[in-house]
Amino acid sequence: MSPNKYDVVIVGSGLAGIVAANRLADYNLEVLLLDENIHIGGQILRRIPQNLGVGAGREPSQVRRIGFRFIESVKEKKIRVMNRTKVLGIQPEGELLIEEDEKRAYTITADIILFATGARERFLPFKGWMLPGVLSTGAVQILIKGSGVLPAKEILIAGSGPFLYAVAYEFVINKGTVLSVLEQTMLLDNISLIGRLLYQFPKFTEGLRYLAKLLISGVPIRYGTQLIEARGDTGLTEVVAARVDRSGRVREGTEKVFKTRALAVGHGFVPNIELPQLAGCELEYSQDKGGWVVRVKDDLETSIERVYAAGEITGIGGALKSITEGNLSAMGILHNLGKVSENEYISHLQRLSKERRHHLAFGKCLNTLYKIPHGAIRSIPDETVICRCEGVRMGDIQKAIANGYDTPGALKRILRVGMGTCQGRICGPVLYDILSAYREIPAHDIPPFSVRVPVKAVSCGSLIS
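Just so you know, our numbering puts 739 at position 52 of the sequence shown, and the rest follows in order with no gaps.
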């Protein structure tokens, strides 16, 4: 086989990617694992270097222990790993345009492609969210796990979803002070999630550990509370939050001011579907799965033959779902290549499909509970920046919608929203919610941004090398 041709190319080295790579390598396939990050494992498997951070030596959770074993196994098997590598484009016949370490761009080919590109954070913009000192919850976790440092001695954490508690936990065990966790959803709604967690025992025990540590540490958790404004001249100095009703509208007179120089915000996750979309894979909108996702068959093959998808891009559902889908996609690929018998394939398919259904049921509960309500979208002030790259404000978008520019593509052309460096990865999901709320139409009627090569920014040096 030529140096640039592989049996299987896996794009993304999170849990789904490394699980699939391990299974496929056992059948003597030429497997290439691509990832933009310095290390494999994705966000969940980042770990504090042993010489940094007081939390470095702590026992990891069950899911992380499983993940670390897969990472070690990848290193031991005949799997080629390319870190710091972007996939810029996909062509027919399994040809991928990649940029390696921002130094050179070239093409590779694969008999089969597996997309395991994961998810990114979702945000609800608010006045002042661009101030220095306002970070994403993911950025805070990267600082702690990747470098063993805290962004500040004290922090306020706000938004919605279980990830808030995970970040708060990491902050506390590394000797930081969490002033409060502001959860937008209601307490009773969060309690309803416990029933689903009973079928996800590792998640259940992990969640209990987070909450117990926060309660023991005296961290206040305020439910039904939303960020209103971040204030400061040259940097964050205080945050205003208020109680909200179930529609996401602020309850007048409930505003509270928090003095802080650091604020972490996040509202869950959305799938990274751009590469499968570019490849021509059929997409579907499902609120139960977290928005626009890649449509897959039972064995996780997409609508394009010999192209598979696994992990969060088929539906936001957590680490256990990604592990199951890593195994399921690998079995589908092995069956496609004639490496396993029909009986072995069917046996694994039935078992793994049953596991996947349980994970999707949990994801449905999660994605429904933590959906950003239209009332919260309509409450965004006109002066709030929505597209950070191009400086497009909420008022600009409202006026454009009123003038008939009522699709993502039309807004992109008239306002340049989504045309910056991030290519709409931050503002896109917010924009879809804005269009749905102001046009009063279902979210599935709002198509995602179109994608073109290069999918991500590429250095000029790579293009001329």
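Ideal Cβ positions, reconstructed from N, Cα and C, are used throughout, including at glycine.
As assigned by DSSP and simplified to three states, the class of Glu857:
helix
Quick check on the burial criterion: 16 or more other C-beta atoms within 10 angstroms. Buried or exposed for Arg1080?
buried
Assign Tyr897 to one of three DSSP states: helix, strand, or coil.
helix
In terms of residues, what are the limits of the beta strand (DSSP E) holding Gln778?
772 to 778
I need the boundaries of the alpha helix (DSSP H) containing His1136, first residue and last residue.
Residue 1136 is actually Phe in this sequence, not His. Phe1136 -> no alpha helix (DSSP H), and no H or E assigned at all.
Contact under 8 Å by Cβ, Ile1059 with Leu950
no
Pairwise C-alpha distance: Gly1115 and Leu1122:
11 Å
Report yes if the CB atom of Ile697 is closer than 8 Å to the CB atom of Leu719, and no otherwise.
yes
What would DSSP say about Tyr1057, mapped onto helix, strand or coil?
coil
Indicate whether Phe858 and Val865 have their beta-carbon atoms separated by less than 8 Å.
yes
From Glu759, Leu1150, Gly846, pick the residue whose C-alpha is nearest to that of Met873; which is it?
Gly846
Same chain only: Cβ atoms within 6 Å of Lys946, ignoring 5 sequence neighbours per side
Glu925
Going by alpha carbons, who is nearest to Arg756 out of Gly776, Thr796, Ser1040, Ala708?
Ala708
From Leu783, Gly998, Tyr1092, Tyr856, pick the residue whose C-alpha is nearest to that of Ile903; which is it?
Tyr856
Please report the straight-line C-alpha distance between Gly744 and Ser834, rounded to a whole angstrom.
In this predicted model, Gly744 has a pLDDT of only 48, less than 50, meaning its place in the structure is not dependable enough to derive any value.
What number of angstroms, rounded off, separates the C-alpha of Asp713 from the C-alpha of Leu895?
37 Å
Grab me the residues of Val944's own chain with a C-beta within less than 6 Å of its C-beta, minus the 5 sequence neighbours each way, in chain order.
Glu925, Val927
Nearest by alpha-carbon distance to Lys976: which of Ile1073, Asp876, Ile758, Ala1048 is it?
Ala1048
Of the residues Asp1132, Gln1110, Cys1109, the one placed nearest Asp1120, counting alpha carbons only
Asp1132
State buried or exposed for Tyr793, treating a residue as buried only when at least 16 other CB atoms are found within 10 Å of its CB.
exposed
Rounded C-beta distance between Ala703 and Gly1013? I'm assuming under 8 Å.
4 Å
Would you check if there are 3 or more beta carbon pairs closer than 8 Å linking the segment 959 to 971 to the segment 790 to 804?
yes
Which residues in the same chain have their Cβ closer than 6 Å to the Cβ of Ser1146, if we skip the five residues on either side of it in sequence?
Glu789
Report, in whole angstroms, the separation of the C-beta atoms of Thr912 and Arg933, which I expect to be a contact under 8 Å.
Wrong, their Cβ atoms sit about 13 Å apart, outside the cutoff.
Burial state of Pro779 (16 or more Cβ within 10 Å):
exposed
Member of Gly1111, Asn715, Leu1118 whose CA lies at the smallest distance from the CA of Gly1025:
Asn715
So the candidates are Ser823, Glu916, Tyr1032, Ile915; which of them puts its Cα closest to the Cα of Asp986?
Tyr1032
Gln749, enclosing alpha helix (DSSP H) - first and last residue
749 to 763
Just how far apart, CA to CA, sit Gly1050 and Arg948?
34 Å
Check for me: the beta strand (DSSP E) holding Cys1076 runs from which residue to which?
Premise fails: Cys1076 is in no beta strand (DSSP E) and is neither H nor E.
CA-to-CA distance, Gly1096 to Val774, given in whole angstroms
23 Å
In this structure, does DSSP put Ala949 in helix, strand or coil?
coil
Within 10 angstroms of its Cβ, does Val906 collect 16 or more other Cβ (buried), or is it exposed?
buried
Beta-carbon proximity of Ile1194 to Ser700, cut-off 8 Å
Residue 1194 falls outside the range modelled here, since the chain spans only 688 to 1152, and no answer is possible.
What is the residue span of the alpha helix (DSSP H) that Leu962 lies within?
961 to 966
Could you tell me the boundaries of the beta strand (DSSP E) in which Tyr910 lies?
908 to 910
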